[in-house]
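Student: My questions all concern the structure below.
Protein chains: 2
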Amino acid sequence: MTDLLSAAPEDPREPMSFRDIKQVVLDRIESRVWPPDSLLPSEKDLAEEFSSTRTTVNRALRELAEEGYLERRRKAGTRVLNAPVRQARLAIPLVRDEVVAMGASYRYVLVGREELAAPGWLAARFGLPPQARVLHVRCMHFADARPFQFEDRWIVTDSVPGVLEADFSAIGPNEWLLQRVPVSNVELTFSASRAGAEMAEFLDAAPGDPIFTVERMTWLRGAPVTFARLYHVPGYGLTTRI
Amino acid sequence: MTDLLSAAPEDPREPMSFRDIKQVVLDRIESRVWPPDSLLPSEKDLAEEFSSTRTTVNRALRELAEEGYLERRRKAGTRVLNAPVRQARLAIPLVRDEVVAMGASYRYVLVGREELAAPGWLAARFGLPPQARVLHVRCMHFADARPFQFEDRWIVTDSVPGVLEADFSAIGPNEWLLQRVPVSNVELTFSASRAGAEMAEFLDAAPGDPIFTVERMTWLRGAPVTFARLYHVPGYGLTTRI
DNA sequence: CTTCATATTATGTATAGACATAATAACCTA
DNA sequence: TAGGTTATTATGTCTATACATAATATGAAG
Chain P
1 MTDLLSAAPE
11 DPREPMSFRD
21 IKQVVLDRIE
31 SRVWPPDSLL
41 PSEKDLAEEF
51 SSTRTTVNRA
61 LRELAEEGYL
71 ERRRKAGTRV
81 LNAPVRQARL
91 AIPLVRDEVV
101 AMGASYRYVL
111 VGREELAAPG
121 WLAARFGLPP
131 QARVLHVRCM
141 HFADARPFQF
151 EDRWIVTDSV
161 PGVLEADFSA
171 IGPNEWLLQR
181 VPVSNVELTF
191 SASRAGAEMA
201 EFLDAAPGDP
211 IFTVERMTWL
221 RGAPVTFARL
231 YHVPGYGLTT
241 RI
Chain A
1 MTDLLSAAPE
11 DPREPMSFRD
21 IKQVVLDRIE
31 SRVWPPDSLL
41 PSEKDLAEEF
51 SSTRTTVNRA
61 LRELAEEGYL
71 ERRRKAGTRV
81 LNAPVRQARL
91 AIPLVRDEVV
101 AMGASYRYVL
111 VGREELAAPG
121 WLAARFGLPP
131 QARVLHVRCM
141 HFADARPFQF
151 EDRWIVTDSV
161 PGVLEADFSA
171 IGPNEWLLQR
181 VPVSNVELTF
191 SASRAGAEMA
201 EFLDAAPGDP
211 IFTVERMTWL
221 RGAPVTFARL
231 YHVPGYGLTT
241 RI
């Protein structure tokens, strides 16, 4: 097995790629050859060591910094972070795609649809004017005829031209919106809530069951677009890897 | 306001950076100038349009692909993804840092510590041999004297030299581990569970309350290191933005 | 000795060209 | 006409150099 702490691959003819360099640097960080808070050699010095160029070394170190291992500042140099600020990346798929990826078939059912003045709590969350109108849509998503997710969504009608003409009987609001509204900013909040009576009925749960809940707020060019609460069937877990 | 759909900034003397190019391309995607599934002009053509080089255009498009907007393949070109596969990035801070960031003061208390054979469910999860030993540590994390998080952790003793000598009375196992064990691979699962009697007592909750739960499994160079369940005080939400 | 100005250094990013390679298009042969 | 081969193209990445700029070190002056 190649000694990854060495600078060069065993075959001297094979140049070190930016990925090779990342791996060597990461190995040195993890083995404490370069301990937390220590200053790395300059890019210029590393380029010499790896028989590479500053641009290639820069890319390797920049990506390690983006991944939370290093801190870089001009002139100050590159430092190993004391506690890596690791970041998990969560893919946010369409619920249809998520169900299909589970190997199940997807089904959608509209539960309710009404146009109304934005409730106070929503106007407050979004900073909406008092008379703002929203479309409130509730729907169910099924996986192989079993409940998977209950969706409770409010759409700001001024932000989505044509939304009042959409009846959402055949297609869910999220898929409809994705076709029409590119969304720039999303805020997600994961939490646990308690199943109320209606929730329990739709999700085949018992009232009081703990429900994994995702709140999703979206904006387009600074204007609020939607607020959705997604309630998952009991037992659901959202998994990601770093 | 500068018309961002134009290729060049108004001031012809200011060259377009890779960030400018990203923004123009993103604007064209969001405004459907380049609709979903469409093929973008080649990097060479875009470099000409932006009076730039392939390397600069490549960086802009590569980052947009990493952010989930584009799909790129050699020779096949660059396409706009039908549904952006957006990814949220979750910073995974130390619980101490999370509490301090909230403006509260942090306190740690060891609840229990015992060495034992790995329970069957854990051996199964990690693929451990039947006689594997683990250190089971339970502890509480407080924010301003209020319960914040209950931590239930199993540490594979073979993977962590010195762990049996650690009593964890003054410092939590996670901080202790971070000082000694760089962790390469992490799997996180977010879910909702129900507060049992002990949990309710520690977290100042009622039995049966929904509890936002994070399971964290870690490996180093392929070997299992820890399995932790983090239970959060009722009302806790984990927020991230895309 | 302290403060301010200047020099130096290390990273951030751009350019131009080169080579590698995956994927598609075009061409040739049976 | 279909299948196989070859050419072409578009992206992936590297090199070498240059310029920008943030941050630190050094030196000069009061």
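Top line first, the protein sequences correspond to chains P and A. Note that full-length UniProt numbering has the first sequence beginning at 1, numbered continuously upward. Note that full-length UniProt numbering has the second sequence beginning at 1, numbered continuously upward. Cβ atoms here follow ideal geometry from the backbone N, Cα and C, with glycine treated the same way.
What span of residues does the alpha helix (DSSP H) with Glu-48 (chain A) cover, start to end?
Tutor: That run of the alpha helix (DSSP H) goes 43-49.
Student: Is the beta carbon of Phe-168 (chain P) less than 8 Å from the beta carbon of Phe-202 (chain P)?
Tutor: It is not a contact, given that the beta carbons lie outside the stated cut-off.
Student: Taking Met-199 (chain P) as part of the alpha helix (DSSP H), name the residues at either end of that continuous run.
Tutor: Met-199 (chain P) -> alpha helix (DSSP H) spans 197-203.
Student: Please list the terminal residues of the continuous beta strand (DSSP E) segment that includes Glu-67 (chain A).
Tutor: Here Glu-67 (chain A) belongs to no beta strand (DSSP E), and DSSP marks it neither H nor E.
Student: Leu-188 (chain A) bridges to which residues according to DSSP?
Tutor: DSSP output for Leu-188 (chain A) lists P:Thr-240, A:Arg-216 as bridge partner(s).
Student: Could you tell me which chain A residues have their CB closer than 7 Å to the CB of Arg-146 (chain P), listed as they occur along the chain?
Tutor: Under the 7 Å cutoff, chain A gives no residues; its nearest Cβ is about 17 Å from Arg-146 (chain P).
Student: Over the uninterrupted alpha helix (DSSP H) stretch that includes Gln-131 (chain P), give me the two end residues.
Tutor: That residue, Gln-131 (chain P), is in no alpha helix (DSSP H); it is neither H nor E in DSSP.
Student: Just verifying my parser: in three-state terms, what is the DSSP assignment at Ile-171 (chain A)?
Tutor: Three-state DSSP puts Ile-171 (chain A) in coil, outside helix and strand.
Student: Determine the contact status of Arg-241 (chain A) and Glu-187 (chain P), defining contact as a CB-CB distance below 8 Å.
Tutor: Yes, the Cβ-Cβ distance between Arg-241 (chain A) and Glu-187 (chain P) is below 8 Å.
Student: Excluding the 5 residues flanking Phe-126 (chain P) on each side, which residues of the same chain have their C-beta closer than 6 Å to its C-beta?
Tutor: Same-chain partners within the cutoff: Pro-224.
Student: Return yes when the C-beta of Ala-88 (chain A) is under 7 Å from any heavy atom of the ligand MN, and no when it is not.
Tutor: Judged by which ligands are present, the structure shown has none, so any question about the ligand MN falls away.
Student: Considering only residues of the same chain and omitting the five flanking positions on each side of Asn-185 (chain A), which have a CB-CB separation below 6 Å?
Tutor: Trp-219.
Student: Anything in the region 83-115 of chain A with a Cβ closer than 9 Å to a Cβ of chain P? List those residues in chain order, please.
Tutor: Residues passing the 9 Å Cβ filter: Ala-83, Pro-84, Val-85, Arg-86, Gln-87, Ala-88, Arg-89, Leu-90, Ala-91, Ile-92, Pro-93, Leu-94, Asp-97.
Student: Tell me the DSSP secondary structure of Ala-101 (chain P) in three-state form.
Tutor: Helix, per DSSP.
Student: Please return the same chain residues whose Cβ sits closer than 7 Å to the Cβ of Ile-29 (chain P), not counting the five positions on each side in sequence.
Tutor: Excluding residues within five positions, the ones whose Cβ falls inside 7 Å are Tyr-69, Val-80.
Student: Please return the same chain residues whose Cβ sits closer than 6 Å to the Cβ of Trp-154 (chain A), not counting the five positions on each side in sequence.
Tutor: Excluding residues within five positions, the ones whose Cβ falls inside 6 Å are Leu-122, Val-134, His-136, Phe-227.
Student: If the cut-off is 9 Å on Cβ atoms, which residues from the region 182-201 of chain A count as contacting chain P, listed in chain order?
Tutor: Listed in sequence order: Pro-182, Val-183, Ser-184, Asn-185, Val-186, Glu-187, Leu-188, Thr-189, Phe-190, Ser-191, Ala-192, Ser-193, Arg-194, Ala-195.
Student: Quick test of your reading: Ser-191 (chain P) and Tyr-236 (chain A), contact by CB under 8 Å. State the CB separation rounded to the nearest angstrom.
Tutor: Yes, they are in contact, since the Cβ atoms of Ser-191 (chain P) and Tyr-236 (chain A) sit about 7 Å apart, within 8 Å.
Student: Name, going along the chain, the residues of the region 17-45 of chain A whose beta-carbon falls closer than 9 Å to a beta-carbon of chain P.
Tutor: Cβ contacts with chain P: Leu-26, Ile-29, Glu-30, Ser-31, Arg-32, Pro-36.
Student: Closest by CA to Arg-73 (chain P), which one among P:Gly-222, P:Leu-39, P:Pro-129, P:Gln-131?
Tutor: Minimum Cα distance to Arg-73 (chain P) is reached at P:Leu-39.
Student: Any idea what DSSP makes of Arg-146 (chain P), helix, strand or coil?
Tutor: Arg-146 (chain P) falls in the strand class under three-state DSSP.
Student: Roughly how many angstroms lie between the CA atoms of Tyr-106 (chain P) and Pro-35 (chain A), to the nearest whole one?
Tutor: Between Tyr-106 (chain P) and Pro-35 (chain A), the C-alpha separation is close to 26 Å.
Student: Give the DSSP-derived three-state secondary structure of Met-1 (chain A) in the structure shown.
Tutor: Its pLDDT being 39, under 50, Met-1 (chain A) is placed unreliably by the model, and nothing is read from it.
Student: List the residues of chain A whose Cβ lies closer than 8 Å to the Cβ of Arg-229 (chain P), in chain order.
Tutor: In chain order: nothing, as chain A lies at least about 12 Å away.
Student: Along the beta strand (DSSP E) that carries Gly-77 (chain A), what are the first and last residues, could you check?
Tutor: Where Gly-77 (chain A) is concerned, the enclosing beta strand (DSSP E) stretches over 77-80.
Student: In chain P, which residues lie with their C-beta within 8 Å of the C-beta of Thr-53 (chain A)?
Tutor: Chain P residues near Thr-53 (chain A): none, gap ~13 Å exceeds 8 Å.
Student: Using the Cα positions of Val-156 (chain A) and Arg-221 (chain A), report the straight-line distance between them to the nearest angstrom.
Tutor: Rounded to the nearest angstrom, the two C-alpha atoms are 14 Å apart.
Student: Is there at least one Cβ from chain P nearer than 8 Å to Pro-210 (chain A)'s Cβ?
Tutor: Yes, Pro-210 (chain A) lies at the interface with chain P (some Cβ there is under 8 Å from its Cβ).
Student: Measure from the C-beta of Arg-240 (chain P) to each C-beta in chain A and report whether the shortest distance is under 8 Å.
Tutor: The question names Arg, yet the displayed sequence has Thr at residue 240 (chain P). With 8 Å as the cut-off, Thr-240 (chain P) counts as an interface residue toward chain A.
Student: At 7 Å on the CB atoms, spell out the chain A contacts of Leu-178 (chain P), in chain order.
Tutor: The contacting residues are Ala-83.
Student: Indicate whether Leu-178 (chain A) and Ala-65 (chain P) have their beta-carbon atoms separated by less than 8 Å.
Tutor: Not a contact, by the Cβ cut-off of 8 Å.
Student: Comparing the C-beta of Asp-3 (chain A) with each C-beta of chain P, is any distance below 8 Å?
Tutor: Caution is warranted here: a pLDDT of 49 is assigned to Asp-3 (chain A), below 50, making its placement in the model unreliable, and no coordinate value can be reported.
Student: Over the uninterrupted alpha helix (DSSP H) stretch that includes Gly-120 (chain A), give me the two end residues.
Tutor: Element bounds for Gly-120 (chain A): 120-126.
Student: Bridge partners for Trp-34 (chain P) per DSSP, in chain order?
Tutor: Paired residue(s): none; Trp-34 (chain P) is not in a bridge.
Student: Under the assumption that Met-16 (chain P) contacts Ser-42 (chain P) (Cβ atoms under 8 Å), give the Cβ distance between them as a whole number of angstroms.
Tutor: The pair is not a contact, with the Cβ atoms about 17 Å apart (cut-off 8 Å).
Student: Could you tell me the distance, in whole angstroms, from the CA atom of Leu-61 (chain P) to the CA atom of Glu-175 (chain A)?
Tutor: Rounded to the nearest angstrom, the two C-alpha atoms are 25 Å apart.
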